[in-house]
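By numbering that gives the first Met the number 0, the letter at position 95 of the sequence shown is numbered 94, and the numbering carries on one by one without gaps.
C-beta: ideal position from N, C-alpha, C; glycine also.
To start, the structure itself, in structure tokens.
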Amino acid sequence: MTNREKQRDLFIELINEQLKDHGVTYNEVKENPMWYMEYKTTPEKEEVFIKHCVDRIREVLKLSKVAAEKEASWFILQWGLTTTHTKNKPNQIGSNQRTIKGSES
Numbered sequence: 000m001t002n003r004e005k006q007r008d009l010f011i012e013l014i015n016e017q018l019k020d021h022g023v024t025y026n027e028v029k030e031n032p033m034w035y036m037e038y039k040t041t042p043e044k045e046e047v048f049i050k051h052c053v054d055r056i057r058e059v060l061k062l063s064k065v066a067a068e069k070e071a072s073w074f075i076l077q078w079g080l081t082t083t084h085t086k087n088k089p090n091q092i093g094s095n096q097r098t099i100k101g102s103e104s
């Protein structure tokens, strides 16, 4: 197997890994060019996934940790799922500000 084939197979494996929580695979989404925007993940899950990526990239492609981290970053930029952010802190600040303003009136 060539290095290019190993990389392609690994990236499909990684795509499948991040999609497993959604019950779909690369083969099911590959015809949709915007698939990675339609499936969401949390920052916490993305962090765990990136660590998994680095480990698998190091193992399969035999790269150093630094090189594997760079590859994982490129992977996330190209194929990473959309990350949802919690709104608790901004909403709490906004709520407190409204309450303070409302109590002053």
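What does DSSP give as the partner residue(s) for residue i in the beta ladder?
| i | result |
| --- | --- |
| T69 | The displayed chain sequence assigns Lys, not Thr, to residue 69. DSSP, once it has assigned bridges, lists no residue as partnering K69. |
| T24 | According to DSSP, T24 bridges with nothing at all. |
| A39 | The sequence given here places Lys at residue 39; Ala does not occur at that position. Answer by DSSP bridge pairing, in chain order: T81. |
Given a cut-off of 9 Å on the beta-carbon distance, is the pair residue i and residue j in contact?
| i | j | result |
| --- | --- | --- |
| L13 | W78 | yes |
| Y38 | V23 | yes |
| N2 | L60 | yes |
Looking at C-alpha atoms only, which residue of the options is the closest neighbour of residue i?
| i | options | result |
| --- | --- | --- |
| R55 | T1, G22, T40, E16 | E16 |
| E46 | Q6, F10, T81 | T81 |
Could you tell me if residue i is buried or exposed, where buried requires 16 or more neighbouring beta carbons within 10 angstroms of its beta carbon?
| i | result |
| --- | --- |
| T40 | buried |
| G93 | Note on G93: pLDDT 42, under 50, position unreliable in the model; the coordinate value appears next. Classification of G93: exposed, given that the 10 Å Cβ count is below 16. |
| V65 | exposed |
| E27 | exposed |
| L18 | buried |
| E30 | exposed |
| E70 | buried |
- Counting only runs of 3+ residues fully inside the region 41 to 66, write out the beta strand (DSSP E) ranges in chain order. Fully enclosed beta strand (DSSP E) runs of no fewer than 3 residues are not present anywhere in the region 41 to 66.
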